[in-house]
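Residue numbers (numbering that gives the first Met the number 0), protein chains in the order written: chain B, 0 to 758; chain X, 0 to 155. Glycine is no exception: its CB is placed at the ideal position from the N, C-alpha and C atoms. Since the structure is predicted, the reported quantities are computational estimates derived from the model, not experimental observations. Written out below as structure tokens is the structure these notes cover.
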Amino acid sequence: MNSVSKPIRKKDAMQLVTGKPVYTDDLAPENCLIVKLLRSPHANAMIEHIDVSKALLVPGVEAIYTYLDIPKGSRRFTCAGQTYPEPSPYDRLLLDKHVRFVGDPVAILAGTDEKALQRAMKLIKVEYKVLPAVLDFRTAKDNPVLVHPEADWESLCPVGADNRRNLCAHDECGSGDIEGVLASSDIVIDRVYHTKACQQTMMEPFATFCTIDAYGRLNVVSSTQIVFHCRRIIANALGIPKTMIRVSKPRIGGGFGAKQTSVSEIYPAFVTWKTKKPSKIVFTREETQTASSPRHEMELHVRLGATKEGIVRAIDLYTLSNTGAYGEHGPTTVGLSGHKSIPLYGKAEAFRFVTDVVYTNVMSAGAYRGYGATQGLFAVESAVNELAEKLGIDPFVLREKNIVKEGDVMPAYYGETLTSCALDRCLQKVKEMIGWEQKGQVRSVGENRVRCLGMGMAMQGSGISGVDVGGATLRLGEEGIYLLSIAAADMGTGCDTTLAQIAAEVLDCSPDRISVFGADTDASPYDSGSYASSTAFVTGKATEKCALKLREKIETLGASLLGAERKDVTFDGEKVSYQDNFVTLSEIAAASMAGRGTLEVTECHTSPNSPPPFMVGACELEVDLETGEVEVVEFDAAVDCGTPLNPNLVRVQAEGGILQGIGMALYENIEYSEEGVARHNSLMQYKIPTRMDVGRIRVAIESSYEPQGPFGAKSVGEVVINTPLPAIADALSKAVGVRFTELPILPEQIALKKRFFRE
Amino acid sequence: MTVTIFLNGNKITEDVSPDETLLSFVRSHGCKSVKCGCETTNCGLCTVFLEDTPVLSCALLAVRADQKKVTTLEGLPKEAEEFGSFLADQGAEQCGFCNPGLIMNAIALFRENPHPSDEEIKRYLAGNLCRCSGYEGQMRAIKEFVRWRDSNEQRQ
Ligand code: FES
Ligand code: FES
Numbered sequence: 000m001n002s003v004s005k006p007i008r009k010k011d012a013m014q015l016v017t018g019k020p021v022y023t024d025d026l027a028p029e030n031c032l033i034v035k036l037l038r039s040p041h042a043n044a045m046i047e048h049i050d051v052s053k054a055l056l057v058p059g060v061e062a063i064y065t066y067l068d069i070p071k072g073s074r075r076f077t078c079a080g081q082t083y084p085e086p087s088p089y090d091r092l093l094l095d096k097h098v099r100f101v102g103d104p105v106a107i108l109a110g111t112d113e114k115a116l117q118r119a120m121k122l123i124k125v126e127y128k129v130l131p132a133v134l135d136f137r138t139a140k141d142n143p144v145l146v147h148p149e150a151d152w153e154s155l156c157p158v159g160a161d162n163r164r165n166l167c168a169h170d171e172c173g174s175g176d177i178e179g180v181l182a183s184s185d186i187v188i189d190r191v192y193h194t195k196a197c198q199q200t201m202m203e204p205f206a207t208f209c210t211i212d213a214y215g216r217l218n219v220v221s222s223t224q225i226v227f228h229c230r231r232i233i234a235n236a237l238g239i240p241k242t243m244i245r246v247s248k249p250r251i252g253g254g255f256g257a258k259q260t261s262v263s264e265i266y267p268a269f270v271t272w273k274t275k276k277p278s279k280i281v282f283t284r285e286e287t288q289t290a291s292s293p294r295h296e297m298e299l300h301v302r303l304g305a306t307k308e309g310i311v312r313a314i315d316l317y318t319l320s321n322t323g324a325y326g327e328h329g330p331t332t333v334g335l336s337g338h339k340s341i342p343l344y345g346k347a348e349a350f351r352f353v354t355d356v357v358y359t360n361v362m363s364a365g366a367y368r369g370y371g372a373t374q375g376l377f378a379v380e381s382a383v384n385e386l387a388e389k390l391g392i393d394p395f396v397l398r399e400k401n402i403v404k405e406g407d408v409m410p411a412y413y414g415e416t417l418t419s420c421a422l423d424r425c426l427q428k429v430k431e432m433i434g435w436e437q438k439g440q441v442r443s444v445g446e447n448r449v450r451c452l453g454m455g456m457a458m459q460g461s462g463i464s465g466v467d468v469g470g471a472t473l474r475l476g477e478e479g480i481y482l483l484s485i486a487a488a489d490m491g492t493g494c495d496t497t498l499a500q501i502a503a504e505v506l507d508c509s510p511d512r513i514s515v516f517g518a519d520t521d522a523s524p525y526d527s528g529s530y531a532s533s534t535a536f537v538t539g540k541a542t543e544k545c546a547l548k549l550r551e552k553i554e555t556l557g558a559s560l561l562g563a564e565r566k567d568v569t570f571d572g573e574k575v576s577y578q579d580n581f582v583t584l585s586e587i588a589a590a591s592m593a594g595r596g597t598l599e600v601t602e603c604h605t606s607p608n609s610p611p612p613f614m615v616g617a618c619e620l621e622v623d624l625e626t627g628e629v630e631v632v633e634f635d636a637a638v639d640c641g642t643p644l645n646p647n648l649v650r651v652q653a654e655g656g657i658l659q660g661i662g663m664a665l666y667e668n669i670e671y672s673e674e675g676v677a678r679h680n681s682l683m684q685y686k687i688p689t690r691m692d693v694g695r696i697r698v699a700i701e702s703s704y705e706p707q708g709p710f711g712a713k714s715v716g717e718v719v720i721n722t723p724l725p726a727i728a729d730a731l732s733k734a735v736g737v738r739f740t741e742l743p744i745l746p747e748q749i750a751l752k753k754r755f756f757r758e
Numbered sequence: 000m001t002v003t004i005f006l007n008g009n010k011i012t013e014d015v016s017p018d019e020t021l022l023s024f025v026r027s028h029g030c031k032s033v034k035c036g037c038e039t040t041n042c043g044l045c046t047v048f049l050e051d052t053p054v055l056s057c058a059l060l061a062v063r064a065d066q067k068k069v070t071t072l073e074g075l076p077k078e079a080e081e082f083g084s085f086l087a088d089q090g091a092e093q094c095g096f097c098n099p100g101l102i103m104n105a106i107a108l109f110r111e112n113p114h115p116s117d118e119e120i121k122r123y124l125a126g127n128l129c130r131c132s133g134y135e136g137q138m139r140a141i142k143e144f145v146r147w148r149d150s151n152e153q154r155q
């Protein structure tokens with residue numbers, strides 16, 4: 000292969016490293032109105048009275064909107080960017096009389112400068128009727144306090160939602176006789192795990208600007224992963240037709256799923272639609288951390304039955320998920336906690352997976368890399384590690400006995416058959432990389448200091464089977480340059496480049512000959528957007544199909560110019576040849592522009608299944624048992640993402656995902672006060688890993704070949720975050736002698752447990 | 000207050016409000032490479048040079064730069080491209096949002112300490128957060144760059 004699998008530079012690389020103005024706030028018109036939100040100080044309250052008259056008098060204030068400006072009878076909507084039929088309940092209004100978390104918008108302010116808006120904000124008089132709030136998600140189901148008591152709350156899909164019970168979703172599935180198999184198992188591990196909400200903390204905060212174009216349409220430029228969903232969400236929020244809206248995204252300063260929810264777009268969209276003036280919103284870091292779309296907090300109860308030889312016979316998982324004040328991604332994230340953890344164990348005779356997703360009065364959760372699989376894998380892999388310890392079997396050996404294999408049907412994975420898998424090689428590789436056998440799992444390195452090893456496995460999907468749509472348009476332009484137009488969103492993932500590599504491979508040219516454009520709802524072909532690990536696999540396949548068709552058209556037109564049949568000509572990327580004659584690509588392009596038929600193709604792709612990528616990770620930690628201080632000396636991982644489309648980009652994605660996972664295991668935590676105020680509201684309190692926090696991260700690629708993927712590729716973006724959680728928890732458990740079941744594992748917990756354990 | 004700031008070699012004299020940050024000042028003068036990631040001096044995205052010292056422009060008032068030289072990545076296009084291409088070769092620029100701040104600080108590091116050890120690199124750049132990369136790709140790029148620069152110098 001000439002383009003695919005080559006570690007080429009990203010197409011936008013040099014623009015980015017030279018600091019060019021390519022992000023939303025860099026591009027916003029200078030004179031646009033600034034939009035700010037007045038937010039609720041209460042976790043659950045009714046606005047009894049709101050008076051903005053004084054605030055409107057502040058010079059520089061252009062407009063202030065409250066729930067009174069939202070037409071009565073407006074239909075509720077969701078801000079989750081998902082495909083029809085939308086699983087997330089319609090439970091939001093642009094502004095509501097009922098505010099449901101500390102930070103819920105109460106008023107939208109627009110004005111010429113920030114200071115005027117700050118002053119105006121203080122002059123808005125709001126009288127609240129403060130209501131009791133549901134802050135502990137374990138008490139939410141059937142709590143007398145309802146987060147969504149309103150009659151116009153809607154659930155569009157049969158996801159088991161019931162707002163009268165604070166239920167955003169409920170589901171049950173399984174196969175085999177779970178209770179019977181558990182009862183006859185030699186050993187049952189029975190544990191409850193708890194993972195906290197944590198923030199994507201992409202470096203670019205949420206940002207959007209809006210203008211009205213020459214046709215009177217609303218133009219929205221936003222840092223979003225989902226231009227098409229965004230258009231629908233704005234149409235719903237504003238009650239205007241989608242045809243009146245155009246959404247495009249410039250470069251995105253990181254997303255990780257945060258921008259799969261329309262967090263910021265609807266506010267400036269409303270302002271610009273009302274005032275017909277350009278406006279922008281840029282969230283502060285505080286808003287980005289406290290009023291956004293973090294990972295769902297989950298409690299996971301695992302019962303795992305096995306033989307004494309270590310064969311996993313049954314997995315029973317109950318997951319309780321906290322969706323917060325609104326249901327964005329609530330019904331879907333929870334599913335991954337079981338469907339992307341249980342199938343790793345290919346020999347299990349039975350499984351059961353039951354889920355409840357509850358509303359509470361904290362900020363709404365959303366999509367975060369890993370999307371529920373992260374939480375589920377932490378629980379299931381931790382239980383398997385405990386099983387290994389109890390049986391005295393090496394955790395790697397225990398995995399080798401159990402893992403799913405190519406050709407296996409996976410009952411817990413929607414009944415799909417596994418068509419590519421290098422999990423066995425990943426295990427082997429990581430064991431060598433970390434020096435598992437040489438080092439030993441726990442060793443003393445001084446007084447009260449130990450080095451310890453831990454490991455974990457992970458899987459994810461590649462797009463949502465039968466749902467996600469990838470789209471690509473390819474056009475041959477003058478000079479024989481192609482334009483690839485997409486609506487997948489490169490948010491640092493490099494998909495603009497990897498998709499061009501795919502097209503270039505088919506068209507026998509250098510990726511430099513493919514210009515990439517996207518994403519823009521007016522100009523790009525429909526694509527559900529970049530999430531659910533779909534871009535490489537689903538949009539990648541659409542691109543491959545598209546390039547094949549275009550190739551066919553080029554050959555056909557070339558042949559006709561040569562007076563030949565398509566079957567008799569050859570195309571080498573530069574020219575179409577027939578015997579001793581040829582026409583060049585630019586001659587063909589010129590002919591196509593002179594009435595010989597356009598050389599433009601649009602293809603879309605939906606996959607009936609979602610081939611999982613796999614990863615194995617292992618860590619070496621050094622722990623001070625007295626203070627609980629943990630140093631990550633090394634994290635080694637091997638990933639099976641099918642064919643790596645661009646090994647450089649696979650590697651950096653994996654390294655970055657691992658570090659996020661380490662952050663989640665050891666530091667990152669959204670905590671609320673008793674009143675529901677988020678404590679971790681800045682990067683001072685919310686600690687993401689710095690470069691001082693980790694010794695080294697090493698990643699190996701163990702390729703497989705996925706027959707359904709473009710050139711054998713599967714996804715890689717999400718699976719990489721998952722292994723640090725169980726690996727680190729396992730290493731620490733062995734160091735301290737007590738199982739850790741809650742994340743993050745903070746130094747004080749380690750020190751306390753150690754002390755407690757000693758006594 | 001009237002200030003005179005030499006921004007990337009251009010003399011700018013104008014009224015600024017006493018609470019305007021240097022970050023907002025440079026951005027409003029077209030230096031969009033300077034980003035805001037936190038407002039609390041924790042992320043390093045807003046790094047600029049005041050005279051020749053890297054500072055966090057979110058925590059510095061514009062008036063403090065009166066009569067001083069301020070440099071952003073826009074003022075160092077050659078160095079940015081030279082070092083930046085090593086990030087690009089690793090794919091380590093990723094989303095790119097943290098890059099200008101990182102590159103500014105890396106340039107400062109190379110000026111102060113042309114042959115930094117791994118530990119010195121980590122310590123010097125500790126305040127430059129990145130959520131995409133896991134820092135490993137950046138480290139590879141820095142080491143490759145130093146190697147390239149040294150072999151270049153030897154040749155000359
Ligand atoms: S914006 Fe200045 S350090 Fe983060
Ligand atoms: S590259 Fe995205 S934050 Fe550093």
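Taking each of B:486, B:377 and B:334 in turn and checking the Cα distance to residue 230 of chain B, the smallest one comes out for B:486. By the C-beta criterion, the segment 434-444 of chain B is judged not to be in contact with the segment 55-66 of chain B, since fewer than 3 inter-stretch pairs fall below 8 angstroms. Look at residue 643 of chain B here: in three-state DSSP terms it is coil, with no helix or strand label.
Among the residues of chain B, those whose CB is under 7 angstroms from the CB of residue 91 of chain X are 651, following chain order. Taking a C-beta distance under 8 angstroms as the contact criterion, residue 578 of chain B and residue 368 of chain B do not qualify as a contact pair. Across the segment 90-118 of chain X, CB contacts with chain B closer than 7 angstroms involve 90, 91, 92, 93, 94, 95, 96, 97, 98, 99 and 102, in sequence order along the chain. With a contact defined as Cβ atoms closer than 8 angstroms, residue 358 of chain B and residue 332 of chain B miss out at about 14 angstroms. Around the C-beta of residue 755 of chain B, fewer than 16 other C-beta atoms lie within 10 Å, and the residue is accordingly described as exposed. The beta carbon of residue 525 of chain B sits closer than 8 angstroms to those of 227, 468, 470, 486 and 603, all from its chain and outside the five residues before and after it, given in chain order.
The Cβ of residue 203 of chain B sits closer than 8 angstroms to at least one Cβ of chain X.
Counting the other Cβ atoms within 10 Å of the Cβ of residue 665 of chain B gives 16 or more, which makes it buried. Spanning the alpha carbons of residue 276 of chain B and residue 384 of chain B requires a straight line of approximately 58 angstroms. With 6 angstroms as the limit, the residues whose C-beta approaches any heavy atom of ligand 1 more closely are X:35, X:36, X:37, X:38, X:40, X:41, X:42, X:43, X:44, X:45, X:55 and X:57, in sequence along the chain. Taken from the Cβ of residue 32 of chain X, every heavy atom of ligand 2 lies 7 angstroms or farther away. One thing to note: residue 433 of chain B has its Cβ within 8 angstroms of the Cβ of residue 635 of chain B. The DSSP assignment places complete alpha helix (DSSP H) segments of no fewer than 4 residues inside the segment 297-375 of chain B at 329-338, in order along the chain. Distances from the CB of residue 104 of chain X to the heavy atoms of ligand 2 are all 7 angstroms or more. Interface flag for residue 143 of chain X against chain B is unset, since no Cβ pair is found closer than 8 angstroms. Runs of the beta strand (DSSP E) lying entirely within the segment 604-690 of chain B, each at least 3 residues long, are 613-623 and 629-639 in chain order. Within the same chain, 506, 507 and 508 come within 7 angstroms of residue 572 of chain B by CB-CB distance, once the 5 residues on both sides are set aside. Between the alpha carbons of residue 567 of chain B and residue 259 of chain B lies a gap of roughly 48 angstroms. At a cut-off of 7 angstroms, the beta-carbon of residue 98 of chain X counts as near ligand 2: some heavy atom of the ligand is closer than that.
If you ignore the 5 residues before and after residue 74 of chain X, its C-beta comes within less than 7 angstroms of the C-beta of 7 and 8, all in its own chain and listed in chain order. Interface criterion not met: the Cβ of residue 714 of chain B is under 8 angstroms from no Cβ in chain X. Chain B places no beta carbon closer than 8 angstroms to that of residue 14 of chain X, leaving this residue out of the contacts. Under the three-state reduction of DSSP output, residue 104 of chain B falls in the strand class. As the crow flies, the alpha-carbon of residue 209 of chain B is around 41 angstroms from that of residue 613 of chain B.
The three-state reading of DSSP puts residue 45 of chain B in strand, counting E and B together. In the three-state DSSP reduction, residue 456 of chain B falls in the strand class (E or B).
The beta carbon of residue 65 of chain X is closer than 6 angstroms to those of 2 in its chain, skipping five residues each way along the sequence. Non-local C-beta neighbours of residue 83 of chain X in its own chain, meaning closer than 8 angstroms and more than five positions away in sequence, comprise 92, 98 and 102, ordered along the chain. Counting only Cβ-Cβ distances below 9 angstroms, residue 46 of chain X has no contacts in chain B at all, with the closest Cβ about 11 angstroms away. Looking only at B:24, B:315, B:492 and B:238, the smallest Cα-Cα distance to residue 256 of chain B is reached by B:492. Between residue 360 of chain B and the set B:725, B:751, B:147 and B:450, the nearest pair of CA atoms involves B:147.
Annotation: Cβ neighbours of residue 20 of chain B in chain X (cutoff 7 angstroms, chain order): 31.
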